[in-house]
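**Student:** Going down the list, the sequences are from chains A and B.
Convert by adding 1 to the 1-based position in the first sequence; the result is the number in our numbering.
Convert by adding 1 to the 1-based position in the second sequence; the result is the number in our numbering.
Number of protein chains: 2
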Amino acid sequence: MEKNNAIFSCCSSNSITKDIQGARFSLFPMSDNYIDIILSSIKKVNTCNIHSQTDYTSTVYRGTDIHVIDALKAAFIYSYRDKIHMSMQVTFSRGCPGDKAVDYKLCHEPLKVNESDICDIHFPVLVKFSLYPLGKEDYMEDIKSVINDGIEMNVYHGSGHYVSFLKGDVQDIFKYFEKIVLDCSNTIKHYVIEATFLVNLPEEV
Amino acid sequence: MEKNNAIFSCCSSNSITKDIQGARFSLFPMSDNYIDIILSSIKKVNTCNIHSQTDYTSTVYRGTDIHVIDALKAAFIYSYRDKIHMSMQVTFSRGCPGDKAVDYKLCHEPLKVNESDICDIHFPVLVKFSLYPLGKEDYMEDIKSVINDGIEMNVYHGSGHYVSFLKGDVQDIFKYFEKIVLDCSNTIKHYVIEATFLVNLPEEV
Chain A
2 MEKNNAIFSC
12 CSSNSITKDI
22 QGARFSLFPM
32 SDNYIDIILS
42 SIKKVNTCNI
52 HSQTDYTSTV
62 YRGTDIHVID
72 ALKAAFIYSY
82 RDKIHMSMQV
92 TFSRGCPGDK
102 AVDYKLCHEP
112 LKVNESDICD
122 IHFPVLVKFS
132 LYPLGKEDYM
142 EDIKSVINDG
152 IEMNVYHGSG
162 HYVSFLKGDV
172 QDIFKYFEKI
182 VLDCSNTIKH
192 YVIEATFLVN
202 LPEEV
Chain B
2 MEKNNAIFSC
12 CSSNSITKDI
22 QGARFSLFPM
32 SDNYIDIILS
42 SIKKVNTCNI
52 HSQTDYTSTV
62 YRGTDIHVID
72 ALKAAFIYSY
82 RDKIHMSMQV
92 TFSRGCPGDK
102 AVDYKLCHEP
112 LKVNESDICD
122 IHFPVLVKFS
132 LYPLGKEDYM
142 EDIKSVINDG
152 IEMNVYHGSG
162 HYVSFLKGDV
172 QDIFKYFEKI
182 VLDCSNTIKH
192 YVIEATFLVN
202 LPEEV
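(1) List the whole-angstrom C-beta distance separating Val126(A) from Phe198(A), where the pair is believed to meet the contact cut-off of C-beta under 8 Å.
(2) Taking the alpha-carbon of Glu179(A) as reference, which of Ile39(A), Met89(A) and Asp150(A) has the nearest alpha-carbon?
(3) Just mark Leu132(A) as buried or exposed, buried being the case when its beta carbon has 16 or more other beta carbons within 10 Å.
(4) With a threshold of 9 Å between beta-carbons, can Gly136(A) be considered close to chain B, or not?
(5) What are the boundary residues of the alpha helix (DSSP H) that includes His68(A)?
(6) Using a Cβ distance threshold of 8 Å, determine whether the segment 74-82 of chain B contacts the segment 112-120 of chain B, with at least three qualifying pairs required.
(7) Looking at Asp83(A) and Lys113(A), is the spacing between their C-beta atoms short of 9 Å?
(8) Once the 5 residues before and after Val46(B) are set aside, which same chain residues still bring their CB inside 6 Å of it?
(9) Measure from the C-beta of Pro125(A) to each C-beta in chain B and report whether the shortest distance is under 9 Å.
(10) Which chain B residues sit within Cβ distance under 8 Å of Met236(A)?
(11) Which same chain residues, not among the five before or five after Gly23(B), have their C-beta less than 6 Å away from its C-beta?
(12) Can you tell me whether Leu40(A) is helix, strand or coil according to DSSP?
(13) Residues of chain A with a CB under 9 Å from the CB of Ile194(B): which are they?
(14) Could you confirm whether any beta carbon from chain A is found closer than 9 Å to the beta carbon of Glu179(B)?
(15) Sort out for me which residues DSSP pairs Gly161(A) with in a bridge.
(16) In chain order, what residues of the same chain have a beta carbon less than 8 Å from the beta carbon of Thr48(B), not counting five sequence neighbours either side?
(17) Grab me the residues of Gly169(A)'s own chain with a C-beta within less than 6 Å of its C-beta, minus the 5 sequence neighbours each way, in chain order.
(18) Taking a Cβ distance cut-off of 8 Å, strictly less, list which residues of the segment 155-179 of chain A are near chain B, in chain order.
(19) With DSSP collapsed to three states, give me the class of Ser146(A).
(20) For Ser16(B) versus Leu28(B), is the C-beta spacing smaller than 9 Å?
(21) Distance check for Glu138(A) and Cys97(B), CA to CA, integer angstroms please.
(22) DSSP state of Leu202(B), grouped into three classes?
(23) Which two residues bound the contiguous beta strand (DSSP E) that contains Tyr105(A)?
(24) Spell out the partners DSSP gives Ile194(A) in its beta bridges.
(25) Nearest chain B C-beta to Tyr133(A) closer than 9 Å, yes or no?
(26) Can you tell me whether Glu153(B) is buried or exposed? The criterion is at least 16 other CB atoms within 10 Å of its CB, across all chains shown.
(27) Examine chain A for any beta-carbon lying closer than 9 Å to the beta-carbon of Thr58(B), and answer yes or no.
(28) May I ask you to report which of helix, strand or coil DSSP gives Ser88(B)?
(29) Less than 9 Å between CB atoms is the rule here; does His86(A) satisfy it with respect to chain E?
(30) Under three-state DSSP, which class holds Tyr62(A)?
(31) Do Asp33(B) and Ser32(A) have their beta-carbon atoms positioned less than 9 Å apart in this structure?
(32) Taking the straight line between their C-alpha atoms, what separation do you get for Ile67(A) and Leu183(A)?
(33) State the Cα-Cα distance for the pair Ile51(B) and Glu110(B), rounded to the nearest angstrom.
(34) Along the chain, where does the alpha helix (DSSP H) containing Leu183(B) start, and where does it finish?
(35) What does DSSP give as the partner residues of Thr55(A) in its beta bridges?
(36) Leaving out five residues on either side along the sequence, give the residues of the same chain with a beta carbon under 6 Å from the beta carbon of Lys211(B).
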């Protein structure tokens, strides 16, 4: 393979790509039945307002912030099984200079198409996450700001090396991610949020 | 909780913290037997040259680059089970201005204490990963460089939205991560590498 081709071929950033929110996620149900759990939940999500693509490692949603989060929340909620320990690993990304104006759907309708089916489902979630604002020197200020939001919204659950923890009902956790994603999209040119959601941990937290 | 305390209390970066490599990792065996697989493999790792700490969500190793990678490689290899699909999610981090000079062991002996027990074990691994250099404007150059290393070392397996893929024998994959971690530690003040390792995928890749 020729060097650098992979990067050079995707450095055609333009005005559209800065509006595309991406979420690349993987579901990891710690169960012998993991294939059924993953495939059935992914299939159930209404993806009419976003672009969705699944490869061997993960699924990518690309669209406007609120519709990507609506679909991601649905995928996570549909994959929940009573007593089965599961993890969802998500990379939110917006504004990458290497992004291309392909594989996206930018829907500006405010109606979240999955929300009415999932808004009454409740279970506790533990999350570890980090925000990485790229290409700027004062990035610690952005990080402080999202942590303060977590404290205000009553989902912040302390910090450890390299991560902050969140704990709360699934509805509150996704409300928090919708807020910080929308805020970061307004204030940071290129950012990534890495988050791992956990349910049904074998030990009480 | 009072705002900002979490960040302010850990902003005591000093000359020691810039030498501490961190790896926070979680093992996700997609099996009913996940607890035994995780606990038995973590226990088997020789952690005498690093600091190791396990919380509800993950395990953190902190020390010099090569000893952290040696221990991480051992944890991953010991958790491999024939035919069981498993994922390991790792955050490498070095140079965070919020890091504290606690919870670390900086061993400068060159001998990797786990390597002789694991260097003859081989199985195929698929990886998705991203490098995030923080606090600098020319971060795309660093990303190009690690991708070129992957091409040269014959483990690069293409790119997708937000990630690059690697494919190869477990020994070659860890050789690659050792190289890029050492290089990034030399050239980037604060960086994070997020990687997800996958084995025994249900579909042929």
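From the three backbone atoms N, C-alpha and C, an ideal C-beta is built for every residue, glycine too.
Treat the numbers as computed from the prediction; the structure is a model and nothing was measured.
**Tutor:** Taking the geometry as given:
(1) Stepping through the first sequence from its first residue, residue 126(A) is reached at position 125. Stepping through the first sequence from its first residue, residue 198(A) is reached at position 197. Rounded, the Cβ-Cβ distance is 6 Å, consistent with contact.
(2) Here the question's residue 179(A) lines up with position 178 in the first sequence. Comparing C-alpha distances from Glu179(A) to each of Ile39(A), Met89(A) and Asp150(A) shows the shortest one belongs to Asp150(A).
(3) Along the first sequence, read from residue 1 onward, the residue named residue 132(A) stands at position 131. That one is buried.
(4) Counting from one through the first sequence, the residue named residue 136(A) turns up at place 135. Yes, because at least one Cβ of chain B sits closer than 9 Å to the Cβ of Gly136(A).
(5) Position 67 of the first sequence, counted from the first residue, corresponds to residue 68(A). Asp66 to Ser80 is the span of the alpha helix (DSSP H), which, as asked, contains His68(A).
(6) Contact holds: three or more Cβ-Cβ distances are below 8 Å.
(7) Position 112 of the first sequence, counted from the start, is the residue given in the question as residue 113(A). Position 82 of the first sequence, counted from the start, is the residue given in the question as residue 83(A). Contact flag unset, no.
(8) Taking the first residue of the second sequence as 1, we reach residue 46(B) at position 45. Around Val46(B): Ala72, Ala75 and Ala76.
(9) Walking along the first sequence from the start, residue 125(A) turns up at place 124. No, Pro125(A) does not count as interfacial toward chain B.
(10) Not covered by the structure: residue 236(A). The range shown for chain A is 2 to 206.
(11) Numbered from 1 along the second sequence, position 22 holds the residue referred to as residue 23(B). Shown here for Gly23(B): same chain residues with a beta carbon closer than 6 Å to its own, the five before and five after excluded, namely Arg63 and Ser94 in chain order.
(12) As a first step, residue 40(A) is located in the first sequence; it is residue number 39 there, counting from the start. Reduced to three states, the DSSP call for Leu40(A) is helix.
(13) Translated into the one-based positions of the second sequence, residue 194(B) becomes position 193. Here the premise fails: no neighbours, minimum Cβ distance about 11 Å.
(14) Residue numbering aside, residue 179(B) sits at position 178 when the second sequence is read from its first letter. Contact with chain A is absent for Glu179(B), since none of that chain's Cβ atoms lies less than 9 Å from the residue's Cβ.
(15) Residue mapping note: residue 161(A) aligns to position 160 of the first sequence, counting from 1. Val164(A), per the DSSP bridge assignment.
(16) As a working note, residue 48(B) is residue 47 in the second sequence. The answer, listed in chain order, is Tyr62 and Ala72.
(17) Within the first sequence, residue 169(A) is the residue found at index 168, counting from 1. Here the set comprises Val156.
(18) Using a CB distance below 8 Å, the part of the segment 155-179 of chain A facing chain B consists of Tyr157, Gly159, Ser160, Gly161, His162, Tyr163, Val164, Ser165 and Phe166, ordered along the chain.
(19) As a working mapping, residue 146(A) is identified with position 145 in the first sequence. It is helical.
(20) In the second sequence, the residue the question calls residue 16(B) occupies position 15. In the second sequence, the residue the question calls residue 28(B) occupies position 27. Not a contact, by the Cβ cut-off of 9 Å.
(21) For this step, residue 97(B) is matched to residue 96 along the second sequence. For this step, residue 138(A) is matched to residue 137 along the first sequence. The alpha-carbon atoms of Cys97(B) and Glu138(A) are separated by roughly 12 Å.
(22) Taking the first residue of the second sequence as position 1, residue 202(B) is located at position 201. In this structure, Leu202(B) counts as coil in the three-state DSSP scheme.
(23) Against the first sequence, residue 105(A) aligns to sequence position 104. It is not in any beta strand (DSSP E) - Tyr105(A) carries neither H nor E in the DSSP assignment.
(24) Here residue 194(A) refers to the residue found at position 193 of the first sequence. BP columns for Ile194(A) point to Phe93(A) and Leu132(A).
(25) For the purposes of this step, residue 133(A) is identified with residue 132 of the first sequence, where counting begins at 1. It does: the Cβ of Tyr133(A) has a partner Cβ on chain B nearer than 9 Å.
(26) In the second sequence, the residue the question calls residue 153(B) occupies position 152. Exposed, by the Cβ-count rule.
(27) Your numbering for residue 58(B) matches position 57 in the second sequence. Put simply, the CB of Thr58(B) is near chain A, with a gap under 9 Å to one of its CB atoms.
(28) One-based indexing of the second sequence puts residue 88(B) at position 87. Three-state result, Ser88(B): strand.
(29) Structure shown: chain E not included; protein chains present are A and B.
(30) Sequence index remark: in the first sequence, residue 62(A) carries index 61 (1-based). Correct three-state label for Tyr62(A): strand.
(31) For this step, residue 32(A) is matched to residue 31 along the first sequence. For this step, residue 33(B) is matched to residue 32 along the second sequence. Yes, the Cβ-Cβ distance between Ser32(A) and Asp33(B) is below 9 Å.
(32) As a working mapping, residue 67(A) is identified with position 66 in the first sequence. As a working mapping, residue 183(A) is identified with position 182 in the first sequence. Computed Cα separation, rounded: 8 Å.
(33) Against the second sequence, residue 51(B) aligns to sequence position 50. Against the second sequence, residue 110(B) aligns to sequence position 109. So the two alpha carbons sit approximately 12 Å from each other.
(34) In the second sequence, residue 183(B) corresponds to position 182, counting from 1. Where Leu183(B) is concerned, the enclosing alpha helix (DSSP H) starts and stops at Val171 to Thr188.
(35) Stepping through the first sequence from its first residue, residue 55(A) is reached at position 54. Thr55(A) is bridged by DSSP to Thr60(A).
(36) In this structure chain B extends from 2 to 206, so residue 211(B) is not present and cannot be described.
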